[in-house]
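J.: Mind looking over this structure? Questions follow.
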Amino acid sequence: QYPGNTLTLQDLLTMCVDVARGCRYLEEMHFVHRDLACRNCLVSSSDPRLRVVKIGDFGLARDIYKNDYYRKEGEGLLPVRWMAPESLVDGVFTSQSDMWAFGVLVWEIMTLGQQPYPARTNLEVLHYVRTGGRLGRPSNCPEEL
1 QYPGNTLTLQ
11 DLLTMCVDVA
21 RGCRYLEEMH
31 FVHRDLACRN
41 CLVSSSDPRL
51 RVVKIGDFGL
61 ARDIYKNDYY
71 RKEGEGLLPV
81 RWMAPESLVD
91 GVFTSQSDMW
101 AFGVLVWEIM
111 TLGQQPYPAR
121 TNLEVLHYVR
131 TGGRLGRPSN
141 CPEEL
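In case it helps, UniProt numbering puts the sequence shown at residues 1 to 145.
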């Protein structure tokens with residue numbers, strides 16, 4: 001850790017902005033990520049003066065995060081805690097569903113890495129989101145965000 005480094009609200013917001021810029025680039029390139037989450041982001045440095053967050057995809061590392069995925073019958077593993085309702089219902093992934101996942105990623109950043117919907121199983125999350133359930137605002141998150 002960088003000496004004296006603690007994450008401020010500004011640091012957290014800057015990380016969110018970095019990821020938002022990456023999302024904008026992906027959308028401009030007509031690319032849908034389908035698995036946007038903190039586990040798929042790279043942080044360049046613990047020094048806030050040098051820190052940049054980049055979007056990646058670590059398909060081979062999914063076993064490390066096996067509790068983040070749900071296997072739907074006849075399909076592969078799905079990151080249900082980050083999936084938009086239309087993706088859960090119809091299996092449709094678009095730049096809009098990536099924006100939903102970005103909102104969940106912002107929640108992850110603001111909670112310093114908590115798993116979304118922490119009190120629910122993956123199956124419970126699937127039903128909760130499909131029926132209109134949403135993540136609550138983290139206590140340290142400004143209402144404007």
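By construction, the Cβ of each residue, glycine as well, lies at the ideal position given by its N, Cα and C atoms.
Just grab the DSSP bridge partners of C16 for me.
T.: For C16, which the question treats as bridged, DSSP gives no partner whatsoever.
J.: In this structure, how does DSSP classify L42 when only helix, strand and coil are distinguished?
T.: strand
J.: When the distance is taken between beta carbons, is F93 closer than 7 angstroms to C23?
T.: no
J.: Can you tell me where the beta strand (DSSP E) with V53 in it begins and where it stops?
T.: V53 to I55
J.: Can you list, in chain order, the residues of its chain with a C-beta nearer than 7 angstroms to that of C16? Leave out the 5 residues immediately preceding and following it.
T.: V106 and I109
J.: Hey, how far is the Cα of A37 from the Cα of L145?
T.: 18 angstroms
J.: If you draw a straight line from the C-alpha of V32 to the C-alpha of V104, how long is it?
T.: 16 angstroms
J.: By a C-beta neighbour count over all protein chains shown, 10 Å radius and 16 as the cutoff for buried, is T121 buried or exposed?
T.: exposed
J.: In angstroms with no decimal places, state the Cα-to-Cα distance between E143 and R134.
T.: Rounded to the nearest angstrom, the two C-alpha atoms are 15 angstroms apart.
J.: Can you tell which of S46, C41 and D47 has its C-alpha closest to the C-alpha of G56?
T.: C41
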